[in-house]
Every structure is written in C-alpha cells, then in structure tokens.
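Below: the structure, in structure tokens.
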Amino acid sequence: MPSLHVFDAEVVSMPYSIRLKPGIEARLDALAARTGYSKAYHLRELVANGLDDLEAYYTAVEVSERIRRGEERTYTLDEVRRDLGWDD
Numbered sequence: 003m004p005s006l007h008v009f010d011a012e013v014v015s016m017p018y019s020i021r022l023k024p025g026i027e028a029r030l031d032a033l034a035a036r037t038g039y040s041k042a043y044h045l046r047e048l049v050a051n052g053l054d055d056l057e058a059y060y061t062a063v064e065v066s067e068r069i070r071r072g073e074e075r076t077y078t079l080d081e082v083r084r085d086l087g088w089d090d
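Positions in the sequence shown are counted from 1; adding 2 to them yields this note's numbering.
Dropping the structure here:
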C-alpha cells in the first residue's frame with residue numbers, strides 16, 4: 003500500500019506516514035482533484051477535526067464507566083429543571 007507523508011510546511015512539525023486502503027486513497031485523490039487542495043491538506047483537516055471527535059468520544063466513554071461504577075453523580079430532569087429555575 004502506498005503511504006503518504008503529511009506535514010505542515012508553515013509550522014515545523016513531525017511528518018507522519020500512514021498507510022491507506024486503496025479505496026480510501028482513491029476517495030482522497032478524488033477529493034483533492036475536485037477541490038484543488040492537496041491530499042496533505044485534507045489529511046491535516048481530518049486529523050484536526052477528527053481529533054476533537056475522538057477526544058469527545060473517549061471522554062464520554064470514561065464518564066459512562068464512572069457512572070456505571072457509581073463514581074459519577076447524575077441528575078434527574080426534575081433536579082435540573084429545579085436547579086435552573088425552570089419549574090415554573
């Protein structure tokens with residue numbers, strides 16, 4: 003499988019090499035051709051935006067596990083409405 007070396011020329015950073023399945027690489031090629039942006043640009047965007055999603059996902063998993071173990075406080079809808087003054 004071909005690998006792509008991703009780096010940001012504007013900022014000194016570590017280049018990374020990833021292996022893509024042929025179908026994914028073809029989609030990336032098509033996106034780059036359609037938009038006029040490089041494959042490296044799109045990969046940087048995916049990492050930057052996808053990292054937020056991954057961090058949120060793993061935070062949710064950690065909180066869910068704490069709730070399951072009884073280590074995290076939960077609130078009923080009635081408690082939230084009362085605390086926010088929405089009982090009216």
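All C-beta atoms, glycine included, are put in the ideal place defined by N, C-alpha and C.
Exercise. Which runs of the alpha helix (DSSP H), 4 residues or longer, sit entirely within the stretch 15–64?
Worked result: Fully enclosed alpha helix (DSSP H) runs of 4 or longer: 24–37.
Problem set entry | Separation of E47 from D31, as counted between CA atoms | 15 Å
Exercise. Run through DSSP, which three-state label would L79 get?
Worked result: helix
Exercise. Smallest Cα separation from P17: which of W88, G25, A42, L56?
Worked result: A42
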